[in-house]
Every structure is written in structure tokens, then in C-alpha cells.
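Worksheet for the structure shown next.
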Amino acid sequence: MDNAQRGQTQSIYLAGFDVFRPDAVAHGEQLKMLCNKYGYAGQYPLDKRVPRNLPPQEQARWICRNNLEVLRKCDLVVANLNPFRGSEPDSGTVFEVGYA
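When we follow the working numbering, the leftmost residue of the sequence shown carries the number 499, and every step to the right adds one.
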């Protein structure tokens, strides 16, 4: 049973390479406000901060675990699959879409 069936607000995982923008946090807040405007709760990958004391490989694992945990709790996915650093979408975003 999803949130809509329980009478709760449905949540949307906001996937995409937008997390690499210089204004990524502010952009995520704008996306979440847009979701809220239409009755959804937006969940952005940067809502939780990566602990600073982790070595690079542990940071990558933390990001993956956190994003998948949030993704599993969401009812819907909206993904930015525009080309990123070339002619293809961001590989992490593609993985998240396939996982969902």
C-alpha cells in the first residue's frame, strides 16, 4: 500500500545531475517547493549532508546508501535524464531510475 492509499501525501524522489550544480541545494529547495505546490512531498538527494570526516570511498558508499534509502521510501520518481558531461544522462541517475 502506498501513501496515496493510506491518505497520506505522496513523495517524489527528485533524481538527476542537478546535485552537481553550483547552486544545488537552492535548486533542490525550488524543486521541493514546486512539488509541494502540487500536493507532493519532494525528496532531494542533498537533503542530508555527507559526513565530512569520511574518506572518499566511504563518502561514495554513504551517498549510495542514503539515496537508495530515500528512494525506497518514495512513491514516485522524477528524473532529469538530459545529457550530462556528454551525450548521455548521468549514470547515477540512470541507476536510480532502474532501481526504482
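Ideal Cβ placement from N, Cα and C applies to all residues, glycine included.
Inset, instruction - Determine the extent of the alpha helix (DSSP H) in which Asn565 is found, giving its start and end residues. - result: Within the sequence shown, the letter at position 67 stands for residue 565. Looking at the DSSP string, the run of the alpha helix (DSSP H) that includes Asn565 is 554-571.
Legend entry - Contact under 9 Å by Cβ, Thr591 with Ala513: Counting from 1 along the sequence shown, the entry for residue 591 is found at position 93. Counting from 1 along the sequence shown, the entry for residue 513 is found at position 15. Against a cut-off of 9 Å, the Cβ pair of Ala513 and Thr591 comes out as a contact.
Legend entry - For Met531 and Arg559, the rounded distance between their alpha carbons: The residue labelled residue 559 in the question sits at position 61 within the sequence shown. The residue labelled residue 531 in the question sits at position 33 within the sequence shown. Computed Cα separation, rounded: 28 Å.
Inset, instruction - Sort Gly505, Phe518, Pro520, Tyr538 by Cα distance to Tyr511 and report the nearest one. - result: On the sequence shown, residue 511 is found 13 positions in, with the first residue counted as 1. It is Tyr538.
Legend entry - Minimum C-alpha distance to Val595 - residue among Gly584, Pro520, Leu569: Numbered from 1 along the sequence shown, position 97 holds the residue referred to as residue 595. Of the listed residues, the one whose Cα sits closest to Val595 is Leu569.
Legend entry - Given Asn580 as reference, the closest of Leu544, Phe515, Tyr542 once Cα atoms are compared: The residue you call residue 580 lines up with position 82 of the sequence shown. The shortest Cα separation from Asn580 among Leu544, Phe515, Tyr542 belongs to Phe515.
Inset, instruction - Classify Ala513 as helix, strand or coil using the three-state DSSP reduction. - result: Numbered from its first residue, the sequence shown carries residue 513 at position 15. In the structure shown, Ala513 sits in a strand (DSSP, three-state: E or B).
Inset, instruction - Note down the Cα distance separating Arg583 from Asn564, rounded to an integer number of angstroms. - result: One-based indexing of the sequence shown puts residue 583 at position 85. One-based indexing of the sequence shown puts residue 564 at position 66. Whole-angstrom Cα-Cα distance: 24 Å.
Inset, instruction - Look at the alpha carbon of Lys571 and the alpha carbon of Ser585, and state the distance between them as a whole number of angstroms. - result: Here residue 571 corresponds to residue number 73 of the sequence shown, with the count starting at 1. Here residue 585 corresponds to residue number 87 of the sequence shown, with the count starting at 1. One C-alpha to the other measures close to 31 Å.
Inset, instruction - Could you spell out where the alpha helix (DSSP H) holding Val575 opens and where it closes? - result: Here residue 575 refers to the residue found at position 77 of the sequence shown. Premise fails: Val575 lies in the beta strand (DSSP E), 574-578, not in any alpha helix (DSSP H).
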